[in-house]
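Student: Structure in structure tokens, see below.
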Amino acid sequence: MVIKSVGVLSVGKMYGAIAAAMGLLFGIFIALFSMAGAGLGLAGQGQGGLMASMFGVGAVVALPIFYGCMGFIAGAVGALFYNVFAGMVGGVEVQTE
10 MVIKSVGVLS
20 VGKMYGAIAA
30 AMGLLFGIFI
40 ALFSMAGAGL
50 GLAGQGQGGL
60 MASMFGVGAV
70 VALPIFYGCM
80 GFIAGAVGAL
90 FYNVFAGMVG
100 GVEVQTE
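Residue numbering for the sequence shown follows my numbering, beginning at 10 and increasing consecutively.
What follows is the structure in structure tokens.
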């Protein structure tokens, strides 16, 4: 069986969803580290904790959106290139049982 073409929007949606999930994971880690940093800052100076907390929450919201959009674009462009080159060289051969 040879895959001669793939759906550009289908691949874009899959890449976008996977990248958005990765962005959410990275955003959560950034939020945790910024909250920890805010806690340390509050113990030392008493200022800057609110800004660090807002940065962490912003990362949880913004990173999945940004990563999802970039993943969709990268997946769609990659699928488009695959379709062009698969037409020239014959596609990818897949064996199933």
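Note that CB positions come from ideal geometry on N, CA and C, so glycine has one too. Remember, it's a predicted structure, so these values are computed and weren't measured experimentally.
1. So, does the region 28-42 touch the region 65-82, judging by three or more C-beta pairs under 8 angstroms?
2. Grouping DSSP H, G and I as helix and E and B as strand, with all else coil, what is V15?
3. Contact defined as beta carbons within less than 8 angstroms: I believe G100 pairs with K13. What is the distance between those atoms, to the nearest angstrom?
4. Out of F94, C78, A88, T105, which one is the CA nearest neighbour of A28?
5. Extract the residue ranges of the alpha helix (DSSP H) inside the region 31-104, only unbroken runs of 4 or more that lie entirely within it.
6. M23 by DSSP, collapsed to three states: which one?
7. Whole angstroms are fine: how far does the CA of A47 sit from the CA of A88?
8. Who are the near neighbours of L41 in its chain, counting only those whose CB is closer than 8 angstroms to its CB and skipping five residues on each side?
9. Going by beta carbon distance, what residues of the same chain come within less than 6 angstroms of A85, once the five residues before and after it are set aside?
Tutor: Taking the definition as stated:
1. Three or more Cβ pairs drawn from the region 28-42 and the region 65-82 lie within less than 8 angstroms of each other, which places the two stretches in contact.
2. Note: V15 maps to coil in three-state DSSP.
3. For G100 against K13, the beta-carbon gap comes to about 5 angstroms, under 8 angstroms, which counts as contact.
4. Scanning F94, C78, A88, T105 for the CA closest to the CA of A28 turns up C78.
5. Taking only runs of at least 4 residues, the alpha helix (DSSP H) segments lying wholly in the region 31-104 are 58-98.
6. DSSP places M23 in helix when its eight states are reduced to three.
7. Rounded to whole angstroms, the gap between the alpha carbons of A88 and A47 is 43 angstroms.
8. Cβ neighbours of L41 beyond the five flanking positions: G65.
9. The residues are V17, G21.
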